[in-house]
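Residue numbers (our numbering): 4 to 213.
Ideal Cβ positions, reconstructed from N, Cα and C, are used throughout, including at glycine.
Computed from a prediction, not measured in an experiment: that's the story for all the values here.
Structure first, then comments.
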Ligand SMILES: Cc1cc2nc3c(=O)[nH]c(=O)nc-3n(C[C@H](O)[C@H](O)[C@H](O)COP(=O)(O)O)c2cc1C
């Protein structure tokens, strides 16, 4: 199947079967999220992979009791930095220097520019910016899963503060922003599986400026 065929096959599964997804496929999906681009390359988020059924059950009531929370194979929780700190920014710039094996003046000036701007900003504003970056990786994970023939349900319908408590995220300077249930569709009990995909036309989506 070509990528677009796979993206047409993909839908937000409403029912999953509980069948486990192989760790190899999960690793490929996570790798796609890790490779996603982010603003200034900061990757200001972490991904928590919940395999533990008891933890999934704890989360479910705070996620509109959506069945896929417990019937999925792996539940990914995308948790963004609660703010940008000098330490967090420096770590990523230091990592770049370490991996590339040299220091570059332009890059160091850019680091300084971020250090002079981001940490001083309101934490909420910083979190919102970080969360946008997490969504890019979230989207990459969805596409990678479809490529692997694995179903997903993107989940924003949950109470982040409660999920943060269950996973102890605030203590780590993280806040959940979106979740992704990964598993296999239960076609027999999913009302959505055979319905046509609804998208606005390309004409309504795209403006071409020649
Ligand atoms: C950020 C985001 C949050 C979503 N939250 C939920 C959710 O909590 N529960 C759910 O069943 N679907 C959720 N969806 C699925 C959307 O409703 C779905 O992707 C959209 O209607 C398009 O349909 P399709 O993905 O089946 O093509 C979410 C999708 C996105 C991108």
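Listed in chain order, which residues are found with a beta carbon closer than 6 Å to a heavy atom of ligand 1?
14, 15, 17, 69, 156, 157, 158, 159, 160, 181 and 200
Using DSSP with H/G/I as helix, E/B as strand and the rest coil, what is residue 186?
strand
Taking the alpha-carbon of residue 11 as reference, which of 201, 213, 212 and 205 has the nearest alpha-carbon?
Measuring from the Cα of residue 11, the nearest candidate turns out to be 201.
State the Cα-Cα distance for the pair residue 213 and residue 51, rounded to the nearest angstrom.
Approximately 44 Å between the Cα atoms of the pair.
6 Å Cβ shell around residue 129 - same chain, five flanking residues per side excluded:
86 and 87
Using the C-alpha atoms, what's the distance from residue 7 back to residue 181?
24 Å
Rounded straight-line distance, which links the Cα of residue 207 to that of residue 112:
41 Å
I want to see whether chain B comes within less than 7 Å of residue 79, judged by CB atoms only; does it?
Although the question refers to chain B, the structure presented lacks it and comprises just one protein chain.
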